[in-house]
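Written out below as structure tokens is the structure these notes cover.
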Amino acid sequence: PILNGATNYVVSISNLNSFPLHTHHEIEMLYCLSGKFKAIVNGEELPVEKGQMIVISSLAPHEIISLEKSRALLIEIGPFFLHENFSLICDMDFDTMLFDMRAENALSENDIKMQEILKELSEICGKKDKISDLILIGDLYKISALILLNGKDYARRKKGEKKLPAIQKALELVYYHYR
């Protein structure tokens with residue numbers, strides 16, 4: 007639905023099951039609400055537990071393996087939501103970021119902000135009123151800004167891997183000329 011322009015983002019809470027290897031142009035975020043799962047991104051295994059969020063770059067091959075009963079807040083942001091700012095995030099040259107906002111860690115001010123935004127998103131997710139939609143959209147922009155502010159501290163890239171070129175312009179061409 008994101009590619010064909012039906013929507014510019016997806017926000018949902020789901021029980022996580024294993025999901026096979028795939029790739030897509032959206033930036034994907036999974037915030038673990040309960041349980042734990044393993045994300046394999048570009049061949050690198052990353053365990054994710056309650057209070058952690060993984061950010062997976064556009065076009066990074068990845069799969070999700072549930073390690074126990076897990077619930078996660080899923081966020082996917084496409085290039086048409088952030089426009090030129092989508093490229094800013096993609097140009098950070100990462101495959102994945104792991105934000106660790108568990109209570110036992112010393113959290114930075116921005117980690118606390120991220121945690122508060124994710125909590126708010128979890129609470130309003132699924133509501134269909136206009137006010138909730140506006141709050142949700144604002145929260146997605148705030149998360150994107152925090153990724154740009156903090157991302158370099160959390161970015162991970164598999165050694166020797168080359169980043170695929172940004173595809174935003176090609177996607178815009180397809181979207182605006184073939185819809």
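The sequence shown maps to residues 7 to 185 in this note's numbering. The C-beta atom is built at its ideal place from N, Cα and C for all residues, glycine as well.
Proximity below 8 Å, CB of residue i to CB of residue j
i, j, result
"Ile81", "Ile153", "no"
"Thr102", "Ile62", "yes"
"Phe25", "Ser76", "no"
"Tyr37", "Leu113", "no"
"Met59", "Phe105", "yes"
Local conformation of residue i per DSSP, three classes
i, result
"Pro85", "helix"
"Cys38", "strand"
"Ala78", "strand"
"Leu22", "strand"
"Glu50", "strand"
"Ser150", "helix"
"Glu126", "helix"
"Lys119", "helix"
"Asp97", "coil"
"Asp139", "helix"
"Leu113", "coil"
"Leu65", "coil"
"Glu32", "coil"
"Leu155", "helix"
Identity of the residue in the options nearest residue i by Cα
i, options, result
"Lys119", "Glu51, Ser150 and Ser76", "Ser150"
"Phe100", "Val17, Leu27 and Asn156", "Asn156"
"Met98", "Ile33, Asn21 and Ser20", "Ile33"
"His30", "Leu65, Ile70 and Glu115", "Leu65"
"Pro53", "Leu73, Pro67 and Met35", "Leu73"
"Leu127", "Leu22, Gly49, Glu90 and Asp145", "Asp145"
"Asp142", "His89, Leu79 and Glu90", "Correcting the residue identity first, residue 142 is Leu in this sequence and not Asp. The residue with the shortest Cα to Cα distance from Leu142 is Leu79."
"Leu22", "Asn48, Val16 and Ile71", "Ile71"
"Met35", "Val16, Glu90 and Ala109", "Val16"
Sequence-distant residues of the same chain with beta carbon closer than 6 Å to residue i, five excluded per side
i, result
"Asp6", "Residue 6 is absent from the model: the chain starts at 7 and stops at 185."
Proximal residues to residue i (C-beta, below 8 Å), its chain only, five neighbours per side dropped
i, result
"Ser187", "In the structure as shown, the chain starts at 7 and stops at 185, and residue 187 therefore has no counterpart that could be examined."
"Gly132", "Ser18 and Ile19"
"Gln69", "For clarity, residue 69 is Glu in the given sequence; the question names Gln instead. Once the five neighbours on either side are set aside, the close Cβ partners of Glu69 are Ser24, Phe25, Pro26, Leu27, His28, Ala45 and Ile46."
"Glu51", "Lys44 and Ala45"
Contact test: residue i Cβ vs the ligand GTP heavy atom, cutoff 7 Å
i, result
"Asp145", "This structure lacks the ligand GTP, and indeed carries no ligand of any kind."
Residues near residue i in its chain [Cβ-Cβ closer than 7 Å; skip 5 each side]
i, result
"Lys148", "Ile123"
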